[in-house]
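The listed protein sequences derive, respectively, from chains A and B. Take 23 as the starting number for the first sequence in the numbering used here and just add one per residue. Take 23 as the starting number for the second sequence in the numbering used here and just add one per residue. Idealized CB from N, CA, C, for every residue including glycine. This one's a predicted model, so the numbers in the text were calculated from it and none came from an experiment. Right, one structure below, let's go through it.
2 protein chains.
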Amino acid sequence: MTVEEAQKRILSHTVPIMPPESVGLLEAWGRVLAENIVSPDDIPGFTNSSMDGFAVLANDLSQASSANPVTLRIKGTIAAGHPSPHSLTHGEAYKIMTGAPLPEGADAVIQSEWTQITGENLVLALSPVHPGQNVRRRGQDIQQGEQVLQAGSVIKSPIVGILATVGRKNVMVYRKPTVAIVATGDELVEPGEELEPGKIRNSNTFALAAASLAAGADPIILPPVPDTREMISQRFRQAASADIILSSGGVSIGDFDWVKNVLSAEGSLELWRVNMKPGKPVAFGMLHNRPFFGLPGNPVSALVTFELFVRPVIRMMMADDQWQRTILRLPLYEPFSEVHDRRHYVRSRLVQDGDNLYIWPYKKQDSAVQSSWIGAEALMVVPENSGPYQPGDLLPVMLLTGDVS
Amino acid sequence: MTVEEAQKRILSHTVPIMPPESVGLLEAWGRVLAENIVSPDDIPGFTNSSMDGFAVLANDLSQASSANPVTLRIKGTIAAGHPSPHSLTHGEAYKIMTGAPLPEGADAVIQSEWTQITGENLVLALSPVHPGQNVRRRGQDIQQGEQVLQAGSVIKSPIVGILATVGRKNVMVYRKPTVAIVATGDELVEPGEELEPGKIRNSNTFALAAASLAAGADPIILPPVPDTREMISQRFRQAASADIILSSGGVSIGDFDWVKNVLSAEGSLELWRVNMKPGKPVAFGMLHNRPFFGLPGNPVSALVTFELFVRPVIRMMMADDQWQRTILRLPLYEPFSEVHDRRHYVRSRLVQDGDNLYIWPYKKQDSAVQSSWIGAEALMVVPENSGPYQPGDLLPVMLLTGDVS
Numbered sequence: 023m024t025v026e027e028a029q030k031r032i033l034s035h036t037v038p039i040m041p042p043e044s045v046g047l048l049e050a051w052g053r054v055l056a057e058n059i060v061s062p063d064d065i066p067g068f069t070n071s072s073m074d075g076f077a078v079l080a081n082d083l084s085q086a087s088s089a090n091p092v093t094l095r096i097k098g099t100i101a102a103g104h105p106s107p108h109s110l111t112h113g114e115a116y117k118i119m120t121g122a123p124l125p126e127g128a129d130a131v132i133q134s135e136w137t138q139i140t141g142e143n144l145v146l147a148l149s150p151v152h153p154g155q156n157v158r159r160r161g162q163d164i165q166q167g168e169q170v171l172q173a174g175s176v177i178k179s180p181i182v183g184i185l186a187t188v189g190r191k192n193v194m195v196y197r198k199p200t201v202a203i204v205a206t207g208d209e210l211v212e213p214g215e216e217l218e219p220g221k222i223r224n225s226n227t228f229a230l231a232a233a234s235l236a237a238g239a240d241p242i243i244l245p246p247v248p249d250t251r252e253m254i255s256q257r258f259r260q261a262a263s264a265d266i267i268l269s270s271g272g273v274s275i276g277d278f279d280w281v282k283n284v285l286s287a288e289g290s291l292e293l294w295r296v297n298m299k300p301g302k303p304v305a306f307g308m309l310h311n312r313p314f315f316g317l318p319g320n321p322v323s324a325l326v327t328f329e330l331f332v333r334p335v336i337r338m339m340m341a342d343d344q345w346q347r348t349i350l351r352l353p354l355y356e357p358f359s360e361v362h363d364r365r366h367y368v369r370s371r372l373v374q375d376g377d378n379l380y381i382w383p384y385k386k387q388d389s390a391v392q393s394s395w396i397g398a399e400a401l402m403v404v405p406e407n408s409g410p411y412q413p414g415d416l417l418p419v420m421l422l423t424g425d426v427s
Numbered sequence: 023m024t025v026e027e028a029q030k031r032i033l034s035h036t037v038p039i040m041p042p043e044s045v046g047l048l049e050a051w052g053r054v055l056a057e058n059i060v061s062p063d064d065i066p067g068f069t070n071s072s073m074d075g076f077a078v079l080a081n082d083l084s085q086a087s088s089a090n091p092v093t094l095r096i097k098g099t100i101a102a103g104h105p106s107p108h109s110l111t112h113g114e115a116y117k118i119m120t121g122a123p124l125p126e127g128a129d130a131v132i133q134s135e136w137t138q139i140t141g142e143n144l145v146l147a148l149s150p151v152h153p154g155q156n157v158r159r160r161g162q163d164i165q166q167g168e169q170v171l172q173a174g175s176v177i178k179s180p181i182v183g184i185l186a187t188v189g190r191k192n193v194m195v196y197r198k199p200t201v202a203i204v205a206t207g208d209e210l211v212e213p214g215e216e217l218e219p220g221k222i223r224n225s226n227t228f229a230l231a232a233a234s235l236a237a238g239a240d241p242i243i244l245p246p247v248p249d250t251r252e253m254i255s256q257r258f259r260q261a262a263s264a265d266i267i268l269s270s271g272g273v274s275i276g277d278f279d280w281v282k283n284v285l286s287a288e289g290s291l292e293l294w295r296v297n298m299k300p301g302k303p304v305a306f307g308m309l310h311n312r313p314f315f316g317l318p319g320n321p322v323s324a325l326v327t328f329e330l331f332v333r334p335v336i337r338m339m340m341a342d343d344q345w346q347r348t349i350l351r352l353p354l355y356e357p358f359s360e361v362h363d364r365r366h367y368v369r370s371r372l373v374q375d376g377d378n379l380y381i382w383p384y385k386k387q388d389s390a391v392q393s394s395w396i397g398a399e400a401l402m403v404v405p406e407n408s409g410p411y412q413p414g415d416l417l418p419v420m421l422l423t424g425d426v427s
């Protein structure tokens with residue numbers, strides 16, 4: 023099964039979590055809108071000046087120049103937030119601040135730089151302006167009744183601003199999924215505990231919890247569980263309080279690999295093994311009515327399969343249908359000679375050299391090598407049965423953004 | 023002053039916040055390491071199998087093939103976490119699981135797929151293996167005493183895993199800066215309040231708070247303040263409990279633009295006006311011993327100047343010296359004909375068309391137009407006095423990642 027087939031199959035089981043909830047603007051950041059947002063007002067709500075200068079009638083200044091300035095009488099000053107009760111007529115100007123409402127009668131603003139105040143109430147205009155110049159018309163950005171945001175939009179910081187602009191203090195968003203994480207294996211001890219012979223420290227739980235945070239979900243860490251059918255089954259029932267269940271380990275063909283077994287018996291095993299490297303033994307199914315991922319125990323494989331299969335499900339449950347990573351095509355910085363019959367996701371750095379950005383794979387791609395993750399910014403995607411590649415060859419690259427900017 | 027000069031000047035005032043603090047692994051995600059991490063053990067800590075199969079002596083199988091299988095006596099089974107007390111000698115095999123310790127005497131693993139169990143205690147090996155095949159040697163990834171992570175590394179999810187692997191439950195990280203946010207302007211009302219004539223809703227406070235979250239900082243929202251010198255000065259004193267102070271509005275040349283005035287009188291104005299569009303009137307200085315940014319009041323300008331000047335300071339205060347955005351050079355999707363004497367940061371989308379990724383600027387680039395932010399994924403950087411550009415022309419692009427993946 024290819025990565026795309028597996029993604030399609032997995033996502034066919036995924037719908038946004040209902041019902042949505044109402045949250046404040048800052049909590050809404052990073053969530054997905056669950057309502058269409060219509061502006062109750064024109065934005066801007068009044069015609070205003072985009073410059074510090076003088077509100078005028080453009081027609082008065084049609085002949086104005088430095089050599090032949092036009093004198094206008096200053097009728098007053100209009101500050102932002104303080105509309106003038108009076109209107110303006112020929113021969114008059116109002117000193118006006120950026121964002122202040124244009125007075126009745128005025129149709130343009132001449133910026134301060136092109137004026138010169140002479141005497142107490144007189145200003146010289148040194149340049150013509152055209153009607154509408156330096157003026158923002160009421161409703162120019164958004165019109166009353168206009169839909170400004172669509173349900174399904176991810177709320178980035180500019181959108182938080184737009185929501186405030188149209189008067190929203192709270193907004194309906196889709197829930198964040200909770201992700202229960204269970205590492206399996208007799209060999210696991212917790213960080214901080216003593217390492218007896220044959221034991222290793224449980225690292226997947228923490229890495230997968232951090233990856234869940236990065237994807238926008240709320241991780242729930244459960245204690246690791248030894249390789250017995252009963253203990254695994256019991257822990258998975260506990261995990262079913264979450265929206266998504268992740269396990270790591272126990273999905274290969276060993277005698278004590280109970281995860282698929284429990285999944286088949288108590289839920290359904292929908293797929294096992296994907297034609298990828300690392301991460302081939304990944305399993306997916308439904309367990310206690312929840313999407314269940316049996317990720318490989320190898321730390322690198324666990325995170326790569328999380329990226330390709332779990333992250334899309336988290337994004338879709340949050341109602342973000344843009345779950346696909348942006349794929350760049352970047353030139354290789356050094357030769358890459360490994361050829362495999364499985365699609366290879368290669369931990370890589372980005373290198374800026376002169377004007378160009380290159381992709382630079384780490385040398386050690388063995389899936390046991392965690393240290394090649396340290397500076398990894400991207401996964402280079404090497405198609406099955408392709409290569410070797412030379413410097414400058416273009417290869418698709420998934421940027422691992424969002425996991426801290 | 024160019025953007026680069028302004029960045030350099032601003033960052034010359036910026037150092038990481040001291041002292042660092044000790045936090046748990048999940049809280050460490052997204053922070054910057056404040057200590058070098060040395061592994062107390064070899065990783066892996068023992069030589070182990072990378073496959074489900076049989077631990078063997080490679081030499082026993084040198085002539086093995088499907089036509090001419092070699093028979094070995096199965097001495098037992100080794101599961102992960104359970105080292106064998108016995109060793110292995112010629113003619114013997116141990117059934118072994120992925121991650122289980124290799125028994126004394128064995129030097130290779132033949133994977134299950136190349137074996138066949140015959141009778142109760144006998145297995146046929148159908149293929150030769152070389153010494154070390156399917157074996158992960160002790161210390162192969164990380165050696166005892168080796169420095170695995172350097173102070174200054176951003177803790178992404180794989181690094182959380184590596185910290186757990188080397189036994190850390192807590193780790194020293196740099197603090198997140200707090201960012202106090204003050205919008206200024208008589209025209210501002212809060213979202214949810216009634217819009218009287220000439221008023222607009224305060225949106226910058228919320229957008230800048232969300233942008234601070236996205237950059238990794240903790241925002242502190244202060245109430246907006248009207249355009250009086252006293253009120254502004256007082257609010258800025260209040261804001262000085264934070265590590266960074268942001269204001270929006272009041273930095274232009276209007277009669278009521280008090281921000282620079284207060285900054286000069288009570289601190290130091292280090293720079294004002296940068297040759298960029300939008301965002302030219304941005305001001306920076308030190309106030310009450312804190313970096314102070316007087317961002318423009320225009321919502322688009324406020325966020326663009328945040329991105330170019332405030333985000334780098336937040337990252338540097340967290341000790342992340344990779345504060346520069348990755349710059350891609352992408353081909354234009356449509357013509358871009360605006361030419362300006364200021365560097366232009368153009369809100370844009372990315373478009374995948376066939377094999378290529380393009381940059382596609384929004385049509386409305388007026389800085390009053392908030393709606394062009396809605397789908398913006400990147401800022402296209404148009405050099406001063408350059409253009410017009412045609413489709414296919416390459417332009418530098420800053421991806422706005424991190425503000426939600």
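Its chain contains Val54, Asp342 as the residues whose beta carbon lies nearer than 6 Å to that of Val176 (chain B), once the 5 sequence neighbours on both sides are disregarded; these appear in chain order. Counted as a single uninterrupted DSSP element, the beta strand (DSSP E) harbouring Glu114 (chain A) occupies residues 114–118.
The criterion of a C-beta distance shorter than 9 Å is not satisfied by Met73 (chain A) and Ala101 (chain A). The beta carbons of Val170 (chain B) and Val188 (chain B) sit closer together than 9 Å.
If you draw a straight line from the Cα of Ser408 (chain A) to the Cα of His362 (chain A), it is about 7 Å long. Under the 9 Å criterion on CB atoms, Asn226 (chain B) is classed as interfacial with respect to chain A.
Separation of Ser88 (chain A) and Ile65 (chain A) (C-alpha to C-alpha, rounded to the nearest whole angstrom) is 36 Å. DSSP places Phe278 (chain A) in the coil class of the three-state scheme, outside both helix and strand.
Thr137 (chain A) is outside the set of residues whose beta carbon lies under 9 Å from a beta carbon in chain B.
Residue range 333–339 is occupied by the alpha helix (DSSP H) that includes Ile336 (chain B). Thr348, Ile349, Leu350, Arg351: these are the residues of the segment 347–368 of chain A whose beta carbon lies less than 8 Å from some beta carbon of chain B, given in chain order.
If you draw a straight line from the Cα of Gln138 (chain A) to the Cα of Val145 (chain A), it is about 6 Å long. In chain order, Lys282, Ala305 place their CB closer than 7 Å to the CB of Trp294 (chain B), counting only its own chain and leaving out the 5 sequence neighbours on each side. In the three-state reduction of the DSSP assignment, Phe68 (chain A) falls in the coil class.
In the structure shown, Met23 (chain A) adopts coil according to DSSP, grouped into three states.
DSSP, reduced to helix, strand and coil, places Ile254 (chain B) within a helical segment of the structure shown. Comparing C-alpha distances from Ala390 (chain A) to each of A:Pro321, A:Pro405, A:Leu401 shows the shortest one belongs to A:Pro321. Assigned with DSSP and collapsed to three states, Pro383 (chain A) falls in strand. Listed along chain A, the residues sitting closer than 8 Å to Ala233 (chain B) by beta-carbon distance are Ser179. Residue burial annotation: Glu216 (chain B) is exposed, with fewer than 16 other C-beta atoms found within 10 angstroms of its C-beta. A direct Cα-to-Cα measurement between Gly214 (chain A) and Pro62 (chain B) gives close to 11 Å. The three-state secondary structure of Gly220 (chain B), taken from DSSP, is coil.
Distances from the CA of Arg371 (chain A) to each of A:Arg365, A:Val201, A:Leu352, A:Pro38 were compared; the closest alpha carbon is that of A:Leu352. For Ile222 (chain B), the neighbours in chain A by C-beta distance under 7 Å run, in chain order, Pro66, Gly67. For Ile59 (chain A), the closest of A:Ala130, A:Gly167, A:Ser134 by C-alpha to C-alpha distance is A:Gly167. When DSSP reads this structure, Ala77 (chain B) sits in a beta bridge with B:Tyr116, B:Val131. In chain order, Thr348, Ile349, Leu350, Arg351 make up the part of chain B whose C-beta sits under 9 Å from the C-beta of Leu379 (chain A). The three-state reading of DSSP puts Ile96 (chain A) in strand, counting E and B together. For Ser179 (chain A), the enclosing alpha helix (DSSP H) starts and ends at 179–187. Pro41 (chain B) and Pro107 (chain B) have their C-alpha atoms roughly 49 Å apart. Within the segment 118–150 of chain B, the residues whose Cβ lies closer than 8 Å to any Cβ of chain A are, in chain order, Met119, Thr120, Gly121, Ala122, Pro123, Ser134.
The closest CA to that of Val332 (chain A), considering only A:Glu356, A:Gly307, A:Gln155, A:Gly272, is found on A:Gly307. Trp51 (chain B) belongs to the set of residues whose beta carbon lies under 9 Å from a beta carbon in chain A. Within the same chain, and ignoring the five residues on either side of Met253 (chain B) in sequence, the residues whose Cβ sits closer than 8 Å to its Cβ are Val247. Taken in chain order, the complete alpha helix (DSSP H) segments of 4 or more residues contained in the segment 133–214 of chain A are 179–187. Judged by DSSP in its simplified three-state form, Pro123 (chain A) adopts strand.
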